[in-house]
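Accompanying notes for the structure given below.
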Amino acid sequence: MGETFEEEVEPALAKCTLWDHPFDVHFACRSVRGWPKIFVEVWGIEHGRDSLAGYGVRTLPCHQGQHEIKIPCWRPVNMTSEMQGTLLGIYPELELKDILLSCLDRFGLETESTGTVSVQVGVMLKDFNLHGVDL
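Take the sequence shown: its position 71, counted from the start at 1, is 60 in our numbering, and no numbers get skipped.
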């Protein structure tokens, strides 16, 4: 499941972009194993090309209420990616994004930090105690 949002940013405001797009998601579960995560894939335009700005994954809070979560973003690097990125706006991308949700598969992957996405999220919990889940 996913949603795509696009935002055009004025060059003077390029350090921070405000997306005001609410999303409503309902999860049903019988345990905290496999707790929902939010995945972001941020793209930008460099040298007239779509360019990967970064990937980020964060587990959603398991406590009821309003939360601001910060999702650190990164992108893969290799020996030639720095030169290609600077000259052409081309950065390496992951072929299989499944590894983003499993932290074990990312060991050994060289990355660079590309910023942070802040998300305000409201969490409501209902009937977990009926299923023996104590949060």
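Even glycine gets a Cβ: it sits at the ideal position worked out from N, Cα and C.
Where does residue i sit, in a helix, a strand or coil, going by DSSP?
i    : result
L90  : helix
H56  : strand
L49  : coil
L114 : coil
L119 : helix
C18  : coil
W63  : strand
W24  : coil
L83  : coil
G33  : strand
L41  : strand
G97  : coil
Between which residues of its own chain and residue i is the CB-CB distance below 7 angstroms, once the five residues before and five after are set aside?
i   : result
Q53 : V112, M113, L114
V31 : A42, G43, C62, V106
Distance, Cα to Cα, residue i vs residue j?
i    : j    : result
F134 : Q109 : A query on residue 134 cannot be resolved here, the shown segment of the chain reaching from -10 to 124 and no further.
V66  : R47  : 21 angstroms
D39  : G97  : 27 angstroms
E84  : D116 : 39 angstroms
D87  : H120 : 29 angstroms
H56  : F16  : 17 angstroms
G37  : E99  : 26 angstroms
V14  : I27  : 11 angstroms
G45  : L90  : 10 angstroms
How about residue i and residue j: do their beta carbons lie closer than 8 angstroms?
i    : j   : result
C62  : V21 : no
G104 : G23 : no
S81  : L49 : Before going on, a small fix: residue 81 reads as Pro here, not Ser. No, the Cβ-Cβ distance between P81 and L49 is not below 8 angstroms.
For residue i, I'd like the list of residues in its chain whose CB is within less than 6 angstroms of its CB, leaving aside the five on either flank, ordered along the chain.
i    : result
S102 : W63
G33  : S40, A42
K59  : T105, S107
In its own chain, which residues sit with a C-beta less than 8 angstroms from the C-beta of residue i, not counting the 5 before and 5 after it?
i    : result
D126 : Residue 126 lies beyond the stretch modelled for the chain, which goes from -10 to 124, so this question has no answer here.
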